[in-house]
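The next block holds one structure in the form of structure tokens; read it before the comments.
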Amino acid sequence: MSASVDVKTLVIDGVDVSARQDQTVLDVARENNIFIPTLCHLEGLSEVGACRLCLVEIKGSPKLFPACVLKVEEGMEVITHSERLLHYRQTILELLFAERNHVCAVCVANGNCELQTIAQSQRLTHVRLPYRNPKLPVDLSHERFAADHNRCILCTRCVRVCAEIEGAHVWDVMGRGIDSMVITDLNDPWGSSSCTRCGKCVQVCPTGALFDKSKVGVSHPKSPEFLPYLNLMREEQ
Amino acid sequence: MAVYQIPPLPSEDKRWRIVNGTMRRHGYSRNALIETLHTVQSSFGFLDRDSIQFVAQSLRVPLSQAYGVVTFYHFFSMKPPGRHTCTICTGTACYIKGAEKVVAAAEKHLHIKTGETTPDGNISLMTVRCVGACSCAPVALMDGDQVGQIQAAQVIKQLQGWAPHE
Amino acid sequence: MNSEELQQIAEAVRLEHEKYDYEINVCMGAGCLAQHSDKFKDALAKEVESSGKRCHVRSAGCLGLCAAGPLALVDPIEVRYGHLRESDAKEVIASLGGKPVERLEMHLENYFQGQQHVVLENCGRIDPEKIEEYISRGGYEALLKALTEMDPQGVIDQIAKSGLRGRGGGGYPTGLKWGTVAKAVGSPKYVICNGDEGDPGAFMDRSVLEGDPQRVIEGMVIAAYAVGATKGYIYVRAEYPLAVSRFSASLREARRHGFLGANICGTPLLFDIEIRLGAGAFVCGEETALIASIEGKRGTPRTRPPYPAVSGLWNCPTLINNVETFANVAPILRNGAEWFAGMGTAHSKGTKVFALTGKITNTGLVEIPMGMPLREIIFSIGGGVPDGHKFKAVQTGGPSGGCLPEEHLDLNISYDALIGAGSMMGSGGMIVMDDTSCMVNVARFFVEFCMTESCGKCIPCRAGTAQMFGLLSKICNGEASHQDLDLLIDLCDVVKNTSLCGLGQTAPNPVLSTLRYFRDEYLEHIDHHRCPAGVCACNARTPKAELAEVTV
Amino acid sequence: MSKTRLATAWLDGCSGCHMSFLDMDERLIELSGAFDLVYSPLVDFKTFPEAVDITLVEGAVSTTDDVEKIHLIRARTRLLVAMGDCAVTGNVPAMRNAFGPDAVLRRAYFENADLQQQTPLVVVPKLLDKVRPVHEYVSVDLYLPGCPPSAATFHAVLTELLANRMPDVASLTRFGA
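Protein chains in written order, with the numbering used here: chain U, 24 to 260; chain F, 617 to 782; chain H, -11 to 540; chain X, 16 to 192.
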């Protein structure tokens, strides 16, 4: 990195903070221990700005901005928590819970699920929207892992980690709209796909959609922390 | 670095050469995926596993990405079409002029839902989001020929005309 | 190609035309072709031959009133015929020099009075497949003028001064966009013409591409010169096969005449255009989704900034304008920015093409100066609502727009006025509804459209539109409560404010506008389980009735 | 001050919430001075009484019987608490929604039955097409997610409710807790 990086100062939730010009509001907020909920964002992967949970207000604009892709600007005044944002975040979480069959009580990720944790952090105690209860497959064909589409929130972390980090691009999204689904290869069973069995997708999956079969019935924490480190190692090489 | 080999044509079928021609014209560039899929569909009538795999591997596009593209665009079909196709426009102008009733009548007559083909493979019933002939609403494409100001009875009559003669 | 050569071509066409006393323009638009206008044209040509009359029969572009097709326009006597059959050819030719054929003639004084044709000036009057005919009507003069008399910044200044705003719906100032791309760092630069007219109920772009394709090419080349682009793409819906084939042929013609390729018009300008086919995805009208689609990927939008002007196709600076926007470029340079700015309102200049359809007497393409009251378009040009029915609403802006009631008919058409009333300009669909339409059902229709067209990338649009559709269906079926209505209104707010792209951000508009103007219809469905227009199958179901039908 | 009239009810659930409620153990005795238990599957009242202050409802609405019960409960209760994930979200009972009730009955009474394969038609109430959380039928005043909510959660919530305060549920429990 060149020595002459511009430094910007801005205000987040009333706190003066400084940032490098190439940083996002989310980066700076996290550096300063300001919690902004995210699901599709994961340090080490490209940003898609799709989960809309990190939307923040900027003073002077009626629009909301996703903090994960919002670059800092001099003098910017960011509000990360307000009644309005809380309501939007809760509703987005409700939409996620009602979209597929997230039965926390019998989910392999219960207690280690980012969706579940964020729902609690956003004070969500029930879902006003009718549950859609779609009939979705569970793919158990892989020797080590399994994919339960009932729990998938289409954050596409698996797609990105497989394409960007592992370089295999086995995962992608098929269909569109409410019928979208993550697939391996030509919608083949995971077990007979070109999967390299590296398991990165399982580690980055925020819910119980992708899991290690050996962890069924025991606690199944995910460890996506390897990503930034892995990227650093690559840059060094 | 290993030189990438374009996979051999899946069969002797001459249509594969047309498909290959499209890819060659675009220098086997990855961004020719959609153009090539159009060629496959216009040559074969639909896309199947083999054709998607052939195109994806020829253009060095990941299989899942190619499958994602095929299923994203509604113009692409992964089912072989019937001998005849009745496509009813469900754009706004057609909706206002009662296209829904025509669709319902056709579904009832053929005992299939839109997007399906009769079990004997004779007739496919489709809907389309606006063919841009809104002045003539409601509009249907009967085997590709545009018919304007359609009424249910008229469409049924045409469908009856397509019924196989024993 | 220089201006002398251009004049020679125009002169040759004029000389050719002087041989004739009459010219009959037979519409070869998709609408008329479907009604066999080609057979009529052949019959006409045969008849001319045998009659020995000095008459030229031309394959022309869209004449506007597709419902009355096949259509023909007789020049110079300005007689319009409709509903033509092969057998009518003899009579039409025989009448030349005498009285027009009464039984076929259409009397459309009101329809044309008040219209002002800029974009459509050639539509129906030239053979779209003959570049010479386009040139004979002033075609490519603007390009030559730009290349020989103006520098790129001068072109941008003219476009900016004209006040032209994007005709695809958003209304972004065109000059400003061009200026941004021109200043953007990076090469190559691209020019993209958005012909993905996905708005159901609109066919302006289709008619321009089929009826006057060279005009769009000229606009794109001028844009390329202005912003410094070397490569262009036009993205056309695969549902428009005729437009695709006409445009392909026109590209070849333009290349042959040196308007595309290297050294355009003898200058160092290098630019060429490639066609890319859409594949049935409304969301590809959104510029970042369209770019993804040209790159051969799923047409999912991405967050902006960066805007395509800075980082677009293959991360290079990219100018994206819609067909109608490009079609306005040549006339502006030809006639001057002041001429264009002289039409329209303070902030909406020029003309706008609308596809007038639905429950209206004269359905078809109309081009009117901005600022015209809706009432004039619907009741004067459009001839009002037929069959003794009562006007109820006019829908503009497609699935992103809204429905305006009677009391807003005196609104003057402009970008800002329409937004103020809860609708939007959109690409130009204008659908008239009468008392046989249920506004809740209309809202449900549009939400269903957005639901099936949602790309699925962001959750508010993906699941939000599906939930909105469910709630609207419940209302239509007469099964909803006031709580459901409140939930629907809340969802509209969330989807509008949190969706990633324009599709989701505007998807609630049809619901919000119908709620604003036709709330009583919603309440009628909820409180009394009945549909005032008799469209919805309200079966007055109560929770009790639901229990009774449960079986094991 | 008169004691709070408390009730608990059991729709389609596993009774785990009631078990967790009982897990309050000696704390239950401590709380019991403040309420009268006027109806509960834990005791032997036959009908749901009038003028109940607080009712904790366990379970989702999945039969015609549940629908009648929940409407009756709502009509006679001042503060209705959806207790546990089944009441709040539909949870495990709602997993049949993707398959439909027929598939469930076929599995239970035919495929897994060795003798007398038949669908029971009397005594057992009819299954609804879809299993729904309580708030889709009646308004709910407080949601207590968890499968089951822990005894500590129950204690904290009841302590607040009995003191006429609304508890801060989100800090105590979550879906699947």
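Glycine is no exception: its CB is placed at the ideal position from the N, C-alpha and C atoms.
In or out: Ile115/U buried (at least 16 other Cβ within 10 Å) or exposed?
buried
Residue-level contact to chain H via CB, Val744/F, 8 Å cutoff:
yes
Taking the beta strand (DSSP E) that Tyr158/X belongs to, which residues open and close that run?
157 to 159
By the 10 Å Cβ neighbour count, where 16 or more other Cβ atoms means buried, how is Val138/X classified, buried or exposed?
exposed
Taking the alpha helix (DSSP H) that Phe314/H falls in, what are its first and last residues?
311 to 323
On the criterion of 16 or more Cβ atoms from any shown chain inside 10 Å, does Ile463/H qualify as buried, or is it exposed?
buried
Have a look at Asp544/H and Ile365/H and give me their C-alpha separation to the nearest angstrom.
In the structure as shown, chain H starts at -11 and stops at 540, and residue 544/H therefore has no counterpart that could be examined.
Could you list which residues in chain U have their beta carbon closer than 9 Å to that of Ala109/X, in chain order?
Asn124, Val126, Tyr154, Asn156
Among Ser195/H, Ala277/H, Thr333/H, nearest to Glu109/H - alpha-carbon criterion:
Ser195/H
Which of helix, strand or coil DSSP assigns to Lys340/H
strand
What are the residues in the region 675 to 700 of chain F lying within 7 Å of chain U by C-beta distance?
Pro678, Leu679, Ser680, Gln681, Tyr683, Gly684, Thr687, Phe688
Straight-line Cα distance separating Val119/X from Ser186/X:
37 Å
Is it buried or exposed, Glu534/H, if we count other Cβ atoms within 10 angstroms and call 16 or more buried?
Low confidence applies here, because Glu534/H scores a pLDDT of 44, under 50, leaving its location unreliable and the question unanswered by this model.
Counting only runs of 3+ residues fully inside the region 357 to 385 of chain H, write out the beta strand (DSSP E) ranges in chain order.
379 to 384
Along the alpha helix (DSSP H) that carries Cys20/H, what are the first and last residues, could you check?
18 to 22
Should Ser680/F go down as buried or exposed, given a rule of 16 or more other Cβ atoms within 10 Å for buried?
buried
If we define contact as Cβ-Cβ less than 8 Å, is Pro520/H a contact residue for chain F?
no
Of the residues His44/H, Thr276/H, Asn303/H, which one's Cα is nearest the Cα of Thr291/H?
Thr276/H
List the residues of chain H whose Cβ lies closer than 7 Å to the Cβ of Val92/U, in chain order.
Thr291
Option nearest Lys713/F by Cα separation, candidates Pro448/H, Ile419/H, Ser233/H, Met412/H:
Ile419/H
For Arg147/X, the first and last residue of its enclosing alpha helix (DSSP H):
Where Arg147/X is concerned, there is no enclosing alpha helix (DSSP H), although the beta strand (DSSP E) it sits in stretches over 142 to 147.
Let me confirm a value: Pro531/H is counted as buried when at least 16 other C-beta atoms fall within 10 Å, else exposed. Which label applies?
Low per-residue confidence applies at Pro531/H: pLDDT is 45, beneath 50, and the placement is therefore not dependable, though the value from the model is reported in the following sentence. By the 10 Å Cβ count, Pro531/H comes out exposed.
Cβ shell of Met439/H (< 6 Å), same chain only, five flanking positions each side left out
Thr453, Ala454, Phe457
Against chain U, with Cβ distances strictly below 8 Å, would Pro164/X count as a contact?
no
Let me see if you follow: with CB-CB separation under 8 Å, is Gly70/H close to chain F or not?
no
Go through its chain and collect everything with a Cβ distance to Ser674/F's Cβ below 7 Å, but skip five positions before and after it.
Ile622, Pro623, Met639, Tyr644
Whether Val67/X touches Val149/X by CB criterion (8 Å):
no
Run of the beta strand (DSSP E) containing Gln767/F, from where it starts to where it stops
Unbroken run through Gln767/F: none, as it is neither H nor E.
Does the distance from the C-beta atom of Lys380/H to that of Met358/H stay below 8 Å?
no
Suppose you measure from the CA of Leu459/H to the CA of Leu473/H; what does that come to, to the nearest Å?
8 Å
Return helix, strand or coil for Val635/F, following the three-state DSSP convention.
helix
Here's a check: name, in chain order, each residue in its chain whose Cβ is nearer than 7 Å to the Cβ of Phe125/X, leaving out the five neighbours to either side.
Gln132
Please give the ranges of any beta strand (DSSP E) in the region 28 to 102 of chain H, keeping only runs that are unbroken, at least 3 residues long and fully inside the region.
43 to 48, 60 to 63, 67 to 69
Report yes or no: is there a C-beta of chain U within less than 8 Å of the C-beta of Arg432/H?
no
Would you report the Cα separation of Met98/X and Val146/X, rounded to the nearest angstrom?
16 Å
Which residues mark the beginning and the end of the alpha helix (DSSP H) in which Leu429/H is found?
The sequence given here places Asn at residue 429/H; Leu does not occur at that position. From DSSP, the alpha helix (DSSP H) with Asn429/H extends over 427 to 441.
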